[in-house]
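Numbered per mature numbering (1 follows the signal peptide of the UniProt record, and there is no 0), the sequence shown spans residues -26 to -1, 1 to 117.
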Amino acid sequence: MLRYYLGAVLAFSLLQVFQMAWRSHGKSNADLVRNLRANGIIRSEEVENTMLNVDRGHYSKVNPYMDAPQGIGYGVTISAPHMHVHALELLREKLIHGTRALDVGSGSGYLTACMAILLGDKGLVYLGELELRLVHRHNQREI
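This is the structure in structure tokens:
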């Protein structure tokens, strides 16, 4: 019975979080991050600061501050910001300064850049992407 109750509480909590996620749009990167925090999506200061330092406008040209997936060309999308938050919150304790990480299916490179910040200047992020035209974009971009 306790397992059922805990499962129901978790499902309800996740439903609330996901409903709030889609309301987290902003007019700028700072607005987007502030709204993700206000809606309880961003839970840690570390993830908040990381996302403030990586402007989605450099990774998505159309509606970069809308909390929804956006096409980035070649049939590929950049995930919705709230999905990046969930990934970063789950990974944050594993992305230890000075260590290495792998981002498979790096797409726009946004999450890769966030991971690099969390790893610090002595850390290293490897990326894997099948669409070589996107990899070429990565090579021309600074974090």
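For each residue, glycine too, the CB sits at the ideal point set by N, CA and C. Quick caveat, the model's predicted, so the values are computed rather than measured.
How far does the alpha helix (DSSP H) with residue 77 in it extend, from its first residue to its last? Within the sequence shown, numbered from 1, the residue matching residue 77 stands at position 103. Segment 74 to 78 is the beta strand (DSSP E) holding residue 77; no alpha helix (DSSP H) there.
Quick one: residues in its chain with C-beta nearer than 7 Å to the C-beta of residue 2, no 5 flanking neighbours on either side, listed in chain order? To locate residue 2, count along the sequence shown from 1; it is residue 28. So the qualifying residues of the chain are 39.
Neighbour-count burial assignment, residue 87, 16 or more Cβ in a 10 Å radius: Position 113 of the sequence shown, counted from the first residue, corresponds to residue 87. So residue 87 counts as buried.
Residue 117 in three-state terms, based on DSSP: The residue given as residue 117 occupies position 143 in the sequence shown. For residue 117, the predicted structure reports a pLDDT of 49, less than 50, and the residue's modelled location is therefore unreliable. The matter cannot be settled from this model.
What does a CB cutoff of less than 7 Å around residue 71 pick up in its chain, not counting 5 residues either side in sequence? Here residue 71 corresponds to residue number 97 of the sequence shown, with the count starting at 1. Counting only Cβ-Cβ distances below 7 Å, and skipping sequence neighbours, we find 93, 94, 96, 97.
Residue 65 to residue 108, Cα distance in whole Å? Walking along the sequence shown from the start, residue 65 turns up at place 91. Walking along the sequence shown from the start, residue 108 turns up at place 134. Between residue 65 and residue 108, the C-alpha separation is close to 24 Å.
Kindly indicate which three-state DSSP category residue 84 falls into: helix, strand or coil? By 1-based counting over the sequence shown, the position of residue 84 is 110. Three-state result, residue 84: helix.
Quick one: what does DSSP say residue 62 is sitting in, helix, strand or coil? Position 88 of the sequence shown, counted from the start, is the residue given in the question as residue 62. Reduced to three states, the DSSP call for residue 62 is helix.
Residues sharing a beta bridge with residue 15, DSSP: Residue mapping note: residue 15 aligns to position 41 of the sequence shown, counting from 1. Paired residue(s): none; residue 15 is not in a bridge.
Give a yes or no on whether the C-beta atoms belonging to residue 16 and residue 22 are separated by under 8 Å. In the sequence shown, counting from the first residue as 1, residue 16 sits at position 42. In the sequence shown, counting from the first residue as 1, residue 22 sits at position 48. Result yes, Cβ atoms of residue 16 and residue 22 sit closer than 8 Å.
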